[in-house]
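A short write-up of the structure that comes next.
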Ligand SMILES: Cc1cc2nc3c(=O)[nH]c(=O)nc-3n(C[C@H](O)[C@H](O)[C@H](O)COP(=O)(O)OP(=O)(O)OC[C@H]3O[C@@H](n4cnc5c(N)ncnc54)[C@H](O)[C@@H]3O)c2cc1C
């Protein structure tokens, strides 16, 4: 299907883009439309990768210009390297030609992370799919192009899985997961991607291949690995990752509870956590979402409930027993209207299919959707949800909610039709208000999808000038020219030359 | 104004702290504001500063002859505790033991090192030290949600947030763990908490490896000089079920054994599967405590004989042998860290942007940076 076309970025990004390009060393102004410049770049890339792995046809370039989010950018050329050495050569060539570089996995990101903000060479890592499993250490070295679910499938028979399980796990890559520090329903107990990464191999802006971290605990020196995780392609291109494998639970129980109000569902979720139980997952859906999902996959959700809670407890059989009882007890205290425990693996899989199809189900309602991602402290969930519904009503948008209630990670979703003039602006305005409300509640701008382009200009809502400058300094230390994924995450002007003492030039230390 | 006069307002109760190194200038900021002023002054005068938390891990890394000692003992306030949210925000000078004691009242734990002594939250974070329970709960870096750093040139910088899941910006909080202050002094942090299990036991077993293979995700398995202890936590039924399969001597509660002491203290880090091999390679006379399933060994010895060979082996397997404490002379005979890691250029570039006059703990990190 021909991809949907959007105008790039948030409203008002135009001026800030121009402003920032002034401080980049990349001569963006020199048009790529000059045939000479483009052809020599393509020639150099073909020399490295051969003709088949350099895609320069207009349709190919168009297809790689966007991700799962709203933004679309301009792709100069797409390359498909297969080794870290090839990535290194590509980076050096692009740098020589003063071309920015955007790394890309499966393109399922929702923040515009893989959509170039300025014309860029797109490095698609999907051909790098090696997996080396080390059961003795409960780890695996994986290429960035490995699909998340494939790793868990491969290790299942040995009794292990890769714990981060984004809803997109059948499509997204581990490289993308690492770059976004992705989460998933089961990250409540197990932690997000960063807790499962022991080492990353990156290609730096100089084209050097560097291994950060390692198989032993507490690698010496600054923990650069930890900051490459979640860096959204701005610090380096990930060419290999050493991930932890997690033992499969001995037993698991999945409980579906229906409630007459959203407040009751949230109170149950928070009540379970407050009692000192950390379930494997605690997911809530509102009625609009349950109905969309039921209609789509027929997961067996109660469509008369105002909200449903999907709770999963997993681990040692004795613990599962006790925790399942506690879940039921807390649900009862909060006026549960229906409660069902998945009888077998088939039923359990069906419930999870329902949860993980939520975003797909929205396609029945409108051609487009905007999926938000914010976090609030768990104690603020009820009050925040109320405000979010009010915002949707005030703006007259169709909003559905499904969220990781256990860790306060909200995903308000607005279904709309982008072809209707002015719709996208209304959606953006509503979503910006949602972000403000969450930050006022002590929350954050993103829990798992990242900042990318979508939320870049909202960063000052959360961070001071000095905070943003520190982030920009960090970026600069890895990539002084802003070669990788320029104009993402940090708003224009984040780097303040006049803060603090001057940085000594030349030799130091 | 003389340097001493400039610092006079900040010289306070620190001097009363025991164990502080001798130094002409001592400062004990009472507020983070004061810490900013101190570091700004230190940068202006190009001073070398040592940051003193509890003093329990000062032996790690390159030696420093400081012009200034900054004690964090007065920065020890509780800023915000949200028990229902399982987060706590504290100033860096708070002692780990005080924090854990406070949290235990509400059945919560920060899962920091088990026998912290005088160690502070900031010190444990800066040194990147984890407890044995990392086997189940992950290392200290997984606990840090938000951090307030005061950079070497005195700018207060905040990153992360007081929520349990967050990808808003680069993960400076995790980068600060193990940074030894090189990006700035850790002034305040928000930590993720865990519920204390309702039942906790310690099981002494003859065969630690077998116990590790038998137990389902134990809290920790620690072997000390040939004797292994399995730490379990969870519901009563779960713990009872696990204990049965282990075949050992059970005592209720978690009982931690102090790390071995000696003239030289070591931290040996290897991939977890190599821990038995590492134990077997310890030079004779070395006493040890090993985290099975984790790959960390705390060891003590009378001298450094055999250490070079052990280090070479560990490094060849992707690990390290780090000096934790020892006589001053040892640090000139043997690099305290071993071979510096890759990415040293990036580390340098980072530090010069956060501590341009290289004030805080200069030379302490691997590679002498
Ligand atoms: C239906 C649906 C459901 C989703 N559910 C979840 C969810 O539950 N939890 C969640 O966290 N996310 C979710 N997402 C978002 C998305 O799937 C994740 O962010 C995912 O990790 C992105 O992986 P990707 O391979 O598609 O990366 P891409 O979208 O291709 O890239 C994402 C970012 O990572 C960078 N990048 C990619 N590969 C590399 C590399 N090798 N080196 C350096 N940088 C790189 C890109 O530049 C970009 O900034 C969902 C998305 C969709 C469409």
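Chains as they are written, first to last, in our numbering: chain A, 163 to 671; chain B, 984 to 1352.
For glycine and all other residues, C-beta sits at the position ideal for the given N, C-alpha and C.
These numbers were taken from a predicted model, which means no experiment stands behind them.
Near chain B, meaning a CB-to-CB distance below 7 Å, no residue of the stretch 461-473 of chain A qualifies. Judged by DSSP secondary structure, residue 263/A falls within the beta strand (DSSP E) whose first and last residues are 263-266.
Around the beta carbon of residue 600/A, 16 or more other beta carbons lie within 10 angstroms, which makes this residue buried.
For residue 348/A, no chain B residue has a Cβ inside 9 Å of its Cβ, as the nearest lies near 13 Å away. Out of 289/A, 367/A, 373/A and 411/A, the CA that lies nearest to the CA of residue 386/A is found in 373/A. Scanning its chain for C-beta atoms nearer than 7 Å, with the 5 sequence neighbours on each side dropped, one finds no residue around residue 666/A.
Between residue 442/A and residue 1146/B the beta-carbon gap is near 20 Å, outside 8 Å, which marks them as no contact.
For the C-beta of residue 351/A, not a single chain B residue is nearer than 7 Å; the gap to the nearest is close to 10 Å.
Take the alpha-carbon of residue 644/A and the one of residue 622/A: they are about 20 Å apart. The distance from the Cβ of residue 1303/B to that of residue 1252/B is about 5 Å, consistent with a contact at the 8 Å cut-off. Counting along the chain, the unbroken beta strand (DSSP E) around residue 1203/B starts and ends at 1203-1207. Residue 297/A is classed as exposed because its beta carbon has fewer than 16 other beta carbons within 10 Å across all chains shown.
Taking the Cβ of residue 245/A as the reference point, every heavy atom of ligand 1 lies at 8 Å or farther away.
Sequence-distant partners of residue 1046/B (beyond 5 residues in either direction) whose C-beta falls short of 6 Å from its own C-beta, in its chain, are 1314. Secondary structure at residue 1214/B: strand, using DSSP grouped into helix, strand and coil. Just so you know, the alpha carbons of residue 299/A and residue 1254/B end up roughly 7 Å apart. Under a criterion of Cβ atoms nearer than 8 Å, the residues of chain B adjacent to residue 662/A are, in order, 1134, 1136, 1137, 1138 and 1339. Taking the Cα positions, residue 364/A is about 30 Å away from residue 1115/B. Looking at the DSSP output, residue 240/A shares a beta bridge with 217/A and 284/A.
Residue 1277/B has its alpha-carbon roughly 34 Å from the corresponding atom of residue 541/A.
For residue 1261/B, the enclosing alpha helix (DSSP H) stretches over residues 1258-1264.
Every unbroken stretch of the beta strand (DSSP E) spanning 3 or more residues and falling wholly within the stretch 374-453 of chain A is given here in chain order: 399-406, 413-421 and 443-448.
The way I'd put it, the stretch 260-274 of chain A does touch the stretch 335-352 of chain A; three or more beta-carbon pairs between them come closer than 8 Å.
Annotation for residue 1042/B indicates a beta carbon at 8 Å or more from all heavy atoms of ligand 1.
Look at residue 1049/B: its C-beta is not under 9 Å from any C-beta on chain A. Within the chosen limit of 8 Å, ligand 1 does not reach the beta carbon of residue 372/A with any heavy atom. Taken from the Cβ of residue 270/A, at least one heavy atom of ligand 1 lies inside 8 Å. When distances are taken from the beta-carbon of residue 1337/B to the heavy atoms of ligand 1, even the shortest one reaches 8 Å or more. When DSSP reads this structure, residue 1270/B sits in a beta bridge with 1283/B. Residue contact with chain B for residue 633/A: present (Cβ-Cβ distance below 9 Å to some residue of chain B). Contacts with chain A at 9 Å (Cβ-Cβ) do not include residue 993/B. Burial check for residue 1248/B: the Cβ neighbour count within 10 Å reaches 16 or more, so the residue is buried.
Residue 368/A has its CB no nearer than 8 Å to any heavy atom of ligand 1. Neighbours of residue 388/A in chain B, taken as residues whose beta carbon is under 8 Å from its own, are 1124, 1154, 1157, 1158 and 1160 in chain order. In this structure residue 1258/B is not in contact with residue 1271/B, their Cβ atoms being roughly 10 Å apart against a cut-off of 8 Å. Secondary structure at residue 643/A: coil, using DSSP grouped into helix, strand and coil.
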